[in-house]
Amino acid sequence: MSKRQHSKQLDKARAKRRADALARRERRTRITVVVVVALLVVSLVGVGLVLGGDEPTPQVDDVETPVGEEPETAAPAVEPCPPADDAPEVDATIYDEPPLADLDADVDLAATMATTCGDVVLDLDVDRAPNAVANLVGLAEDGYYDGVLFHRVIDGFVIQAGDPAGTGCGQEDCTPTGFDPDAPTYPGYTIEDETSAADDFPEAPTGGVEYPRGTVAMARTDAPDSTGSQFFVVQGDPIVLPDASYIVVGTVTEGMDVVDRIAGQPTEPGDRPVQEVRITSFTVERG
Numbered sequence: 001m002s003k004r005q006h007s008k009q010l011d012k013a014r015a016k017r018r019a020d021a022l023a024r025r026e027r028r029t030r031i032t033v034v035v036v037v038a039l040l041v042v043s044l045v046g047v048g049l050v051l052g053g054d055e056p057t058p059q060v061d062d063v064e065t066p067v068g069e070e071p072e073t074a075a076p077a078v079e080p081c082p083p084a085d086d087a088p089e090v091d092a093t094i095y096d097e098p099p100l101a102d103l104d105a106d107v108d109l110a111a112t113m114a115t116t117c118g119d120v121v122l123d124l125d126v127d128r129a130p131n132a133v134a135n136l137v138g139l140a141e142d143g144y145y146d147g148v149l150f151h152r153v154i155d156g157f158v159i160q161a162g163d164p165a166g167t168g169c170g171q172e173d174c175t176p177t178g179f180d181p182d183a184p185t186y187p188g189y190t191i192e193d194e195t196s197a198a199d200d201f202p203e204a205p206t207g208g209v210e211y212p213r214g215t216v217a218m219a220r221t222d223a224p225d226s227t228g229s230q231f232f233v234v235q236g237d238p239i240v241l242p243d244a245s246y247i248v249v250g251t252v253t254e255g256m257d258v259v260d261r262i263a264g265q266p267t268e269p270g271d272r273p274v275q276e277v278r279i280t281s282f283t284v285e286r287g
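Sequential numbering of the sequence shown, starting at 1, is according to the UniProt record's numbering.
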């Protein structure tokens with residue numbers, strides 16, 4: 001074989017190797033694109049499953065949460081709440097026992113819950129739930145709720161607050177690996193159930209109990225006597241909860257438009273508002 005023929009064969013071999021390498025790169029690129037697209041589809045389906053359910057799923061970070069039927073569709077967007085930059089710093093105590101206020105059985109209690117989204121006025125019903133109302137008033141008069149975040153808002157369902165940690169579990173980290181059952185947890189105590197507080201609410205046709213719009217009730221876990229400091233305001237009309245075990249402490253008399261505005265704020269996964277909404281003060285007047 002001449003040198004010229006040998007050189008031509010080498011050139012052909014090099015060209016073939018370059019072509020084979022190019023083909024391999026193109027195949028790897030196609031495989032990468034397919035994998036990325038598949039992962040994106042799985043991610044989007046996962047988000048849809050998390051956000052699109054009709055029933056609120058109990059979570060580690062939702063320890064004191066009402067569980068019931070949520071709306072299937074969201075209401076139109078509402079005016080954004082102002083930034084919470086001027087809200088007071090949270091300075092809450094972890095108690096050894098409930099800070100129960102000393103209340104007369106026939107006292108009239110009007111509470112104003114000022115928030116970064118507006119004021120909500122409540123009529124607290126000490127006759128309906130004397131122990132739970134005394135607990136709520138005692139916390140409010142201690143300044144416990146000042147600066148506290150609405151950590152769970154669901155349009156057509158409820159707005160929920162009362163955890164100084166701002167998470168719903170009373171600690172900063174509610175993940176299974178981060179939550180410490182032996183560590184101090186807000187508020188540091190629980191109170192006994194007052195199961196008659198919602199006995200006059202109607203049964204829902206599909207089962208459960210209807211809690212009317214504007215109802216203010218204490219949040220709890222599935223365990224008995226698990227009410228602490230968290231509360232929720234019913235924004236749906238009505239909402240259906242499994243039973244009458246959520247202690248009703250009052251009703252909204254003014255400011256349901258503010259409740260609607262808070263409930264309509266855009267939220268992150270887990271129902272936490274993207275724009276923080278905080279309680280700036282919680283004052284109680286005794287009549």
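Every residue gets a Cβ at the ideal spot worked out from N, C-alpha and C, and that includes glycine.
Under 8 Å, with one C-beta from each stretch per pair, do the segment 166-176 and the segment 117-129 reach the 3-pair mark?
Judged by Cβ distances under 8 Å, the segment 166-176 makes no contact with the segment 117-129, as fewer than three pairs qualify.
Just tell me which of Pro212, Phe179, Phe232, Arg213 has its CA closest to the CA of Arg220.
Restricting attention to Pro212, Phe179, Phe232, Arg213, the CA atom closest to the CA of Arg220 is found in Phe232.
Assign Ser226 to one of three DSSP states: helix, strand, or coil.
If DSSP states are grouped into helix, strand and coil, Ser226 belongs with coil.
Is Ser196 helix, strand or coil by DSSP?
Correct three-state label for Ser196: helix.
If you draw a straight line from the C-alpha of Asp102 to the C-alpha of Ala134, how long is it?
Annotation: Asp102 to Ala134 spans about 7 Å, alpha carbon to alpha carbon.
So Val148 packs on Ala140, CB below 8 Å; how close in whole Å?
Actually they are not in contact, since the Cβ atoms of Val148 and Ala140 sit about 11 Å apart, beyond 8 Å.
Would you say the beta carbon of Pro224 comes nearer than 6 Å to a heavy atom of the ligand HEM?
Looking at this structure, you won't find the ligand HEM or any other ligand, since it has none at all.
Kindly confirm or deny that the segment 266-280 and the segment 237-245 touch, where touching means at least three C-beta pairs closer than 8 Å.
As far as the Cβ criterion goes, the segment 266-280 does not touch the segment 237-245, which means the pair count is below three.
Less than 6 Å between C-beta atoms, sequence neighbours within five positions excluded: which residues of the same chain meet that for Thr253?
Closer than 6 Å at the Cβ level, and outside the excluded window around Thr253, lie Val121, Asp123.
Over the uninterrupted beta strand (DSSP E) stretch that includes Leu139, give me the two end residues.
For Leu139, no beta strand (DSSP E) segment is defined; the enclosing uninterrupted segment is the alpha helix (DSSP H) at 130-141.
Exposed unless 16 or more other CB atoms sit within 10 angstroms - verdict on Ser43:
Model confidence at Ser43 stands at a pLDDT of 38, short of 50, so the residue's coordinates are unreliable; what they give is reported in the following sentence. Around the CB of Ser43, fewer than 16 other CB atoms lie within 10 Å, so the residue is classed as exposed.
Look at Tyr189 and Pro98 and say whether their C-beta atoms are less than 7 Å apart.
Closer than 7 Å, so yes.
Does the contact criterion of 3 or more C-beta pairs under 8 Å hold for the segment 197-205 versus the segment 153-160?
No: fewer than three Cβ pairs fall under 8 Å.
What does DSSP give as the partner residue(s) for Ile239 in the beta ladder?
For Ile239, which the question treats as bridged, DSSP gives the partners Tyr211.
Cβ separation of Cys117 and Arg286, assumed to be a contact under 8 Å, to the nearest whole Å
Actually they are not in contact, since the Cβ atoms of Cys117 and Arg286 sit about 26 Å apart, beyond 8 Å.
DSSP beta-bridge partners for Gln110?
It is Ala, not Gln, that sits at residue 110 in the sequence shown. According to DSSP, which records beta bridges pairwise, Ala110 is partnered with Asp123, Glu285.
Specify, as a first and last residue, the run of the beta strand (DSSP E) that Arg152 falls within.
Taken as a continuous stretch (DSSP letters only), the beta strand (DSSP E) holding Arg152 covers 152-154.
What's the C-alpha gap between Ala87 and Ile279?
Approximately 7 Å, taken between the alpha carbons.
From the DSSP output, in three-state form, read off Ile94 for me.
Here Ile94 sits in coil by DSSP.
Would a check of beta-carbon distances place Ala84 closer than 7 Å to chain B?
Of the protein chains in the structure, only one exists, and it is not chain B.
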